[in-house]
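These notes are about the structure you will find just below.
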Amino acid sequence: MTKRVGFIGLGDIGWPMAAHVAKVYDCTVWNRTFAKVEAFATENKAAAAESPAGVVAASEVVITCLPTSKEVLEIVQQAGDAWHNGQLLIDCTSGDPGGSTHVAEFLRARGAGFADAPVSGGVGGAERGELTVMIGGTDEDAARAIQVVDCFAKKAEHVGPVGAGHAVKAINQGLLAINIQAAGEGLAALVKLGVSGKKALEVINASSGQSNVTKNLFPNRVTNRQWPRTFRLALLDKDVGIAVKILNDNGVPSDAIGTAHRAFSEARRILGEDADHVEFVKVIEEKAGVEIE
Ligand code: NDP
Numbered sequence: 046m047t048k049r050v051g052f053i054g055l056g057d058i059g060w061p062m063a064a065h066v067a068k069v070y071d072c073t074v075w076n077r078t079f080a081k082v083e084a085f086a087t088e089n090k091a092a093a094a095e096s097p098a099g100v101v102a103a104s105e106v107v108i109t110c111l112p113t114s115k116e117v118l119e120i121v122q123q124a125g126d127a128w129h130n131g132q133l134l135i136d137c138t139s140g141d142p143g144g145s146t147h148v149a150e151f152l153r154a155r156g157a158g159f160a161d162a163p164v165s166g167g168v169g170g171a172e173r174g175e176l177t178v179m180i181g182g183t184d185e186d187a188a189r190a191i192q193v194v195d196c197f198a199k200k201a202e203h204v205g206p207v208g209a210g211h212a213v214k215a216i217n218q219g220l221l222a223i224n225i226q227a228a229g230e231g232l233a234a235l236v237k238l239g240v241s242g243k244k245a246l247e248v249i250n251a252s253s254g255q256s257n258v259t260k261n262l263f264p265n266r267v268t269n270r271q272w273p274r275t276f277r278l279a280l281l282d283k284d285v286g287i288a289v290k291i292l293n294d295n296g297v298p299s300d301a302i303g304t305a306h307r308a309f310s311e312a313r314r315i316l317g318e319d320a321d322h323v324e325f326v327k328v329i330e331e332k333a334g335v336e337i338e
């Protein structure tokens, strides 16, 4: 029975996930910006570590939630000899399958297991403890991971070997990006035709074109002009790039997801690294000369 769980990466989504971990387990946290570690340890029942190695040394299971697999490998390597037999790393980063393979090999050489376990459900889902978690790894590592992520998950599924969780997540993100792009273009045209954006969404959400994008993201962020930052556009661009690589590597056409990737990369260049993913719609609005309201 796991008692000590460490958490590395207290970002927009990592923080609320770690807060659930701290409620259930003896939790030690580390973050690159140390002020966040101190703030987290003040607000939650958690110990502050001064390095990734400090988290690894104090924990049976370690969870990472970092931007990409590159940072995960760096952090895992930094902890070096602190890794020991019988430990498990659960990587909740939306990473890439190739990167996961490297991390898993590094850990296997030290007797530790690895499960890629990216999440979906956004910051709100993390706060409510209702994330979906897609897990790649051996049967044994995945079963252990499912028990731990239960503290912030509504659904956790073992989807295949190491990397499979990251692959499923990347394709999910491709679908999200396509939906944002298509809804943005379609609604911009409707508003130019004189249709209210809110009314159009109401009708679409009772019709076959509805999606999470039209039901949640547009009403709560676009038509009310709120644009909260919960998930950076730069991260979605990264995710869709991973999806395109998976399609290309497997000899599958990437026309739709590839188009979305080009559009999101352009928006990232225009809006910068801190914009929220839904602010992508602002680029469409600017080109169309209209605001979707
Ligand atoms: P943020 O950009 O808010 O946070 C990133 C975290 O990684 C911070 O803790 C940051 O530290 C840390 N970090 C960045 N670079 C380094 C580095 N070189 N070394 C060590 N630590 C580093 O990201 P999110 O929390 O939003 O996302 C984390 C992961 O979860 C991503 O893979 C994302 O795609 C995924 N995700 C995010 C969702 C969301 O709604 N936000 C939803 C689903 C998945 P510091 O505080 O010092 O900057």
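In the numbering used here, each residue's number is its place in the sequence shown (first place is 1) plus 45.
Virtual Cβ for every residue (Gly too), placed ideally from N, Cα, C.
- Distance from the CA of residue 152 to the CA of residue 120, rounded to the nearest whole angstrom, comes to 12 Å.
- Short note on residue 57: C-beta closer than 6 Å to some heavy atom of the ligand NDP.
- Contact annotation: residue 273 and residue 211 have beta-carbon atoms that are not nearer than 7 Å.
- Following the DSSP letters along the chain, one finds residue 249 inside the alpha helix (DSSP H) bounded by residues 242–249.
- If you check the C-beta of residue 167 against the ligand NDP, you find a heavy atom less than 6 Å away.
- When 290, 313 and 156 are compared, the shortest CA-CA separation from residue 126 is found for 156.
- In this structure, the beta-carbon distance from residue 166 to residue 177 falls below 7 Å.
- Counted as a single uninterrupted DSSP element, the alpha helix (DSSP H) harbouring residue 170 occupies residues 167–173.
- Not one heavy atom of the ligand NDP is found less than 6 Å from the C-beta of residue 174.
- Residue 311 carries a helical assignment under DSSP once its states are collapsed to helix, strand and coil.
- Judged by DSSP secondary structure, residue 46 falls outside any alpha helix (DSSP H); it is assigned neither H nor E.
- The C-alpha of residue 310 lies about 44 Å from the C-alpha of residue 46.
- By the Cβ neighbour-count rule, residue 324 is buried, with 16 or more other Cβ atoms within 10 Å of its own.
- When the alpha-carbon of residue 87 is set against those of 98, 74, 106 and 143, the nearest one is in 74.
- In this structure, the C-beta of residue 219 stays at least 6 Å away from each heavy atom of the ligand NDP.
- In terms of CA proximity to residue 76, 57 leads the group 57, 284 and 68.
- Residue state for residue 180 is assigned as strand, using DSSP reduced to three classes.
- Nearest Cα to residue 237 within the set 135, 149, 333 and 102: 333.
- Contact check for residue 258 and residue 225: beta-carbon distance about 5 Å, within the 8 Å limit, so the pair qualifies.
- One alpha carbon belongs to residue 64, the other to residue 240, and they sit about 43 Å apart.
- Placement of the Cβ of residue 77 at a distance of less than 6 Å from at least one heavy atom of the ligand NDP is found.
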